[in-house]
Amino acid sequence: MEKTYNPHAIEQRWYQTWEDNGYFEPSGEGQPYCIMIPPPNVTGSLHMGHAFQDTIMDALIRYHRMKGDNTLWQAGTDHAGIATQMVVERQLEAEGKSRHDLGRAAFIAKVWEWKRESGGTITRQLRRMGASLDWSRERFTMDDGLSEAVREVFVRLHEEGLIYRGKRLVNWDPVLHTAVSDLEVVSQEESGHLWHMRYPLADGSGHLVVATTRPETLLGDTAVAVHPDDERYKDLIGKRVKLPLTDREIPIVADEHVDPEFGTGCVKITPAHDFNDYEVGQRHGLPMINIFTIDAALNENVPAKYRGLDRYEARDVIVHDLDELGLLEAVEDHRLMVPRGDRSGAVVEPFLTDQWFVKIGPLAQPAIEAVEKGDIRFVPDNWKNTYFEWMRNIQDWCISRQIWWGHRIPAWYDSEGNVYVGRSEDEVREKHGLGDIELKQDEDVLDTWFSSALWPFSTLGWPQQTEALRTWYPTSVLVTGFDIIFFWVARMIMMGLKFMGDVPFREVYIHGLVRDAHGQKMSKSKGNVLDPIDLIDGIDLETLIEKRTRGLMQPQMARKIEKATRKEFPKGIPAFGTDALRFTFAAMASTGRDINFDLGRIEGYRNFCNKLWNAARYVLMNTEAEDCGQRGGEVELSAADRWIIARLQRTIGAVTEAIEHYRLDHAAQALYEFIWNEYCDWYLELSKPVLTGSGSSEAARRGTRRTLVQVLETTLRLAHPVMPFITEEIWQRVAPLAGVEGPTIMRQPFPVADDSLIDAAAVEEMEWVMGFILGVRKIRSGMNIDPRKPLPVLIENGSESDRARLEANRHYLLNLGRIESITWLEAGATPPESATALLGKAKLLIPMAGLIDKEAEIARLKKEIERSCNEWTRIEKKLANCDFVEKAPEAVVAKERHKLGALTTAIKDLKAQLHRIESL
């Protein structure tokens, strides 16, 4: 093995080997186990959320593969209708063209060309993460098989009356000219105004004042609403008002939707341009007047003066005209939530258009019951309540989009506007006896979420009844974030039950979101985004700044992000390697909670990889070309050998239980504790006196060598699901020494705990030994004694059991504790002035005479106490500052409080130590 651990030298080489040899493919034996990857957008690149989620899935997949299950991790990507179309349209814009210049067929061909050349970025990055997906079965939501599934589902739902076409309110992006889903709308708080406008009563007896944040929609009002219990307006219910700037009168209606505390308690109702108003309009049978074009300009349904004006131009003109007429009562500053399209950035309009919808109620009820009955289990369990809340208040689903890239709706129209739905135009003609009459296919495509709702069964070959479908449906677990429970999880459940007669997965593991070290959401505008590939490969400061500020239109924001980046990463980001990143994600993957990604953690786990690498080098140096007990010679196991074997069994049990319960954080903790503390820090050191001491028998040395390699080989298999690359590299060298054969660790069995190997007496004995050594080390550290200086140790009040353990393990104690001598104090003997440590009922004493420079140590301790007290005062003043506590991120405040507590303890210990030294 190389002297230094270098992840770059091993990771891509091993991944290529695994993929080339088909190791990711199902074995064809054992119980089926299947995870469907949430298909990333074909336009996308790997972000921290993907890397976190894929680490969880890959750990589960590798674990079940090693358990002997017939394991499939289904690979694939989503065609990402709007996002992909925008990418290709931008390319055309750079050439001075638009998609309309090409025409639909040529544009679609251009998109497929882009997909072949540039659409594989994220799948390459998934490989860098070590994701062991079965790439031989990779699917794409626009491939032929999935397209067939989409048409089949659409036609069947339409035949049952569960898909219909109707005019309803949708989110409309006026830049992209399409309806968009709620998931594609980002609402953020922005500064705006609240305009108070007077609506004169039609009988001339006065006026009502309504408040709105969108005065331009006044021209589409069809009512004013008040709360039925609002005493101020009870007498006005049923009367009419004159709609300003128009020649229309509209009624005053009573509706419980109105909040009497907001504004004046009077609300203008614009059913064609507000989702809440739409519901009010439905309840009261109000007309719906659409006043916008697809560009969000005012249309022919408004007075001629305002036609053709952009909505914001119209706002200014309308406000001016109201003021001129004395109908503008007041304008006040107001913070409001503004919905913007996540792709275009444009403010989304509620817009009344003809769209295709899924009648969702009949599909939702069985999906609710499946979770109620326990056919599907959410982990953590509380997320089922979020699911129920949405499902029990579900609205019909708008599935049509006014773009070109996507599954074109399988519906055709004749010249009279009659609609015919079928799997193909030929089927439509034959089914309806249409002969040669001219038909035109619907121009719209289906919402991307429609095809991804079929993902668990369409990827396995449905509507054909394939062997894959019979084997892996229902799948085992869905791993996803809480933010798409509604948009994807719920729809997969509904479609799976409808078309497969069973749930699409047995469990839904909901993980948290990855945030920055301060708990802030990662976003380009904040400049706190981390790229997982940068963490793996490293990136210099200037390149990192260039990445973070690229594309920012505001120079001020770019300068702010550059400054923050220089402060946080003055030397850039070092290369940590994939295993360190994966272990960091695993260690932070507590169920359902967001994780604050701290670079200090990944640095610590990079050191952990180094520790494992160096431990393996030590083992190989002491076992290669040596007899490791595989040749049939006598083997004698020391108490330390039996102890580490016992601890390994406990660790296997802890890791297995943790993975089975989706607690990768507990699995990582158990692995870290065992590898770093027990195997490396204790057992390797305990092995040295046996391997190098003159008093050891060959059988004892053989036993320790065998234990070294067998425990390491088993530990590598245990850690492989989380750290695949380093474990494979080391295993290839260690496995033959442990008598294990096979081409790859990932096809080896996952360890199974064997309680018969737990030697309780050996565990108890070695815990005594470690307690002894730790007691000596604590005294040495506390008294600032040179760690290289051999110390005399006295034992007081020891039992016969202590005496026996001392004699049996003296060689360990002298070597690991750097002890000069160990003396047993007889009862009644008076010990010299000593530092003490407890070992059960016994005391360990280290005489202080001659071990330290008393005056120098007193001076050192006083200086350290002064420094710590000054730091304590600084932090205490900081926490007493209300501005800091209220404005700083919660994680930063918590960190300062933690520091203050740690300093309080440290100062107390330092003062106690000073007192002990002064008393010598």
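Mapping of the sequence shown onto the numbering used here: residues 120 to 1039, in sequence order.
The C-beta atom is built at its ideal place from N, Cα and C for all residues, glycine as well.
The model shown is predicted, which means the values in this text are computed figures rather than measured ones.
Over what stretch of residues does the beta strand (DSSP E) that includes K730 continue unbroken?
On the sequence shown, position 611 is the one that residue 730 refers to. Looking at the DSSP string, K730 is not in any beta strand (DSSP E); the run it does join, the alpha helix (DSSP H), is L718 to T742.
With P370 as the anchor, note down where its beta strand (DSSP E) starts and where it stops.
As a first step, residue 370 must be located in the sequence shown, where it is residue number 251. Where P370 is concerned, the enclosing beta strand (DSSP E) stretches over E368 to A373.
Using C-beta distances below 8 angstroms, list every residue in its chain close to V399, excluding the 5 sequence neighbours before and after it, in chain order.
Numbered from its first residue, the sequence shown carries residue 399 at position 280. So the qualifying residues of the chain are A342, A344, V372, D374, H376, I388, P390 and L405.
Does the beta-carbon of C517 have 16 or more other beta-carbons within 10 angstroms, so that it is buried, or is it exposed?
As a first step, residue 517 is located in the sequence shown; it is residue number 398 there, counting from the start. The residue is buried, with at least 16 neighbouring Cβ atoms inside 10 Å.
Classify W531 as helix, strand or coil using the three-state DSSP reduction.
Your numbering for residue 531 matches position 412 in the sequence shown. Three-state result, W531: strand.
Measuring straight from C-alpha to C-alpha, what distance separates K807 and P870?
Numbered from its first residue, the sequence shown carries residue 807 at position 688. Numbered from its first residue, the sequence shown carries residue 870 at position 751. The straight-line gap from Cα to Cα measures roughly 27 angstroms.
Look at the alpha carbon of T383 and the alpha carbon of G163, and state the distance between them as a whole number of angstroms.
Within the sequence shown, residue 383 is the residue found at index 264, counting from 1. Within the sequence shown, residue 163 is the residue found at index 44, counting from 1. Their Cα atoms are separated by approximately 47 angstroms.
Are the region 909-923 and the region 936-948 in contact at 8 angstroms, needing three or more beta carbon pairs?
Yes, since at least three Cβ pairs between the region 909-923 and the region 936-948 fall closer than 8 angstroms, the two stretches touch.
Cutting at 6 angstroms between CB atoms, please list the residues of its own chain near P458, excluding the five before and the five after it.
Residue 458 sits at position 339 when you count from the first residue of the sequence shown. For P458, where only same-chain residues beyond five positions count, the Cβ hits under 6 angstroms are V304, S306 and V467.
Which residue wins for smallest C-alpha separation from P481, given the options N916, L783, E335 and R511?
Taking the first residue of the sequence shown as position 1, residue 481 is located at position 362. Answer by Cα proximity: R511.
Buried or exposed for D173, going by 16 or more other Cβ atoms inside 10 Å?
Working through the sequence shown from its first residue, we reach residue 173 at position 54. Per the 10 Å Cβ criterion, buried.
Using 10 angstroms around the beta-carbon of A975, count the other beta-carbons present and answer buried if the total reaches 16, otherwise exposed.
Walking along the sequence shown from the start, residue 975 turns up at place 856. Per the 10 Å Cβ criterion, exposed.
Just to check my reading of the structure: I864 and R825 have Cβ atoms closer than 8 angstroms, yes? What is that Cβ distance to the nearest angstrom?
Looking up residue 864 in the sequence shown gives position 745. Looking up residue 825 in the sequence shown gives position 706. Their Cβ separation, rounded to whole angstroms, is 20 angstroms, which puts I864 and R825 out of contact at 8 angstroms.
I'd like the ranges of any beta strand (DSSP E) spanning at least 3 consecutive residues and lying wholly in the region 366-441.
If we require 3 residues or more, the beta strand (DSSP E) runs fully inside the region 366-441 come out as 368-373 and 385-388.
In terms of DSSP beta bridges, what is E945 paired with?
As a working mapping, residue 945 is identified with position 826 in the sequence shown. Its beta-bridge partners do not exist; DSSP assigns none.
Quick check for students: name the residue ranges of the alpha helix (DSSP H) that lie wholly in the region 539-597, counting only runs of 4 or more.
Here the runs fully enclosed are 544-551, 567-571, 574-577 and 586-591.
Taking C-alpha atoms, which residue in R929, R359 and G215 lies nearest to V809?
Here residue 809 refers to the residue found at position 690 when the sequence shown is read from its first residue. Residue R929 is the option with its Cα nearest to V809.
In the region 209-276, which residue ranges form an unbroken beta strand (DSSP E) of at least 3 residues, counting only runs that do not cross its ends?
If we require 3 residues or more, the beta strand (DSSP E) runs fully inside the region 209-276 come out as 253-259.
Taking all protein chains shown into account, decide if L957 is buried (16 or more other Cβ within 10 angstroms of its Cβ) or exposed.
For the purposes of this step, residue 957 is taken as the residue at position 838 of the sequence shown. That one is exposed.
When the Cβ atoms of the region 182-195 are set against those of the region 143-153, are three or more pairs found closer than 8 angstroms?
At 8 angstroms Cβ cutoff, the stretches touch.
Residue range of the alpha helix (DSSP H) that M707 falls in?
As a first step, residue 707 must be located in the sequence shown, where it is residue number 588. Careful: M707 lies outside any alpha helix (DSSP H) and carries neither H nor E.
How far does the alpha helix (DSSP H) with M456 in it reach, from first residue to last?
In the sequence shown, the residue the question calls residue 456 occupies position 337. It is not in any alpha helix (DSSP H) - M456 instead sits in the beta strand (DSSP E) that spans L447 to G460.
Counting only the same chain and skipping the five closest in sequence on each side, list residues whose C-beta sits under 7 angstroms from that of W591.
Mapped onto the sequence shown, residue 591 falls at position 472. Hits under 7 angstroms: P151, C153, L191 and L579.
First and last residue of the beta strand (DSSP E) that includes R287?
In the sequence shown, counting from the first residue as 1, residue 287 sits at position 168. R287 -> beta strand (DSSP E) spans I282 to D292.
Can you give me the C-alpha to C-alpha distance between T594 and P293, rounded to a whole angstrom?
Locating residue 594 in the sequence shown gives position 475, counting from the first residue. Locating residue 293 in the sequence shown gives position 174, counting from the first residue. The alpha-carbon atoms of T594 and P293 are separated by roughly 40 angstroms.
Grab the span of the beta strand (DSSP E) containing G657 for me, first residue to last.
Locating residue 657 in the sequence shown gives position 538, counting from the first residue. Counting along the chain, G657 falls outside any beta strand (DSSP E), and DSSP gives it neither H nor E.
Where in the region 842-868 do unbroken runs of the alpha helix (DSSP H), each at least 4 residues long, occur, reported from the N-terminal end onward?
The qualifying runs are 843-853.
For V596 and G427, I'd like the C-alpha separation in whole angstroms.
Looking up residue 596 in the sequence shown gives position 477. Looking up residue 427 in the sequence shown gives position 308. If you take the alpha carbons of V596 and G427, they lie about 53 angstroms apart.
Kindly indicate which residue of E753, A838, E797 and D784 has the alpha-carbon position closest to the one of A819.
Within the sequence shown, numbered from 1, the residue matching residue 819 stands at position 700. Checked all of E753, A838, E797 and D784; the closest Cα to A819 is E753.
Sorted by chain position, which residues of the same chain lie with C-beta nearer than 6 angstroms to P469's C-beta, five sequence neighbours on each side aside?
Reading the sequence shown from its first residue, position 350 is the one you call residue 469. Excluding positions up to five away in sequence, the list reads L288, H392, D393 and F394.
At the level of alpha carbons, what is the spacing between R907 and K962?
Reading the sequence shown from its first residue, position 788 is the one you call residue 907. Reading the sequence shown from its first residue, position 843 is the one you call residue 962. Computed Cα separation, rounded: 23 angstroms.
Less than 6 angstroms between C-beta atoms, sequence neighbours within five positions excluded: which residues of the same chain meet that for G822?
For the purposes of this step, residue 822 is identified with residue 703 of the sequence shown, where counting begins at 1. V754, E755, L756 and D760, listed in sequence order.
By a C-beta neighbour count over all protein chains shown, 10 Å radius and 16 as the cutoff for buried, is N290 buried or exposed?
As a position in the sequence shown, residue 290 is number 171, starting the count at 1. Classification for N290: buried.
With a threshold of 16 other CB atoms inside 10 Å of the CB of L444, please say whether the residue is buried or exposed.
On the sequence shown, residue 444 is found 325 positions in, with the first residue counted as 1. It counts as exposed.
Using alpha carbons as the reference points, say which of A735, R899 and E1005 lies closest to I1036.
To locate residue 1036, count along the sequence shown from 1; it is residue 917. Nearest option by C-alpha distance: R899.
Rounded to whole angstroms, what is the Cα-Cα separation between V853 and G600?
Walking along the sequence shown from the start, residue 853 turns up at place 734. Walking along the sequence shown from the start, residue 600 turns up at place 481. Their Cα atoms are separated by approximately 39 angstroms.
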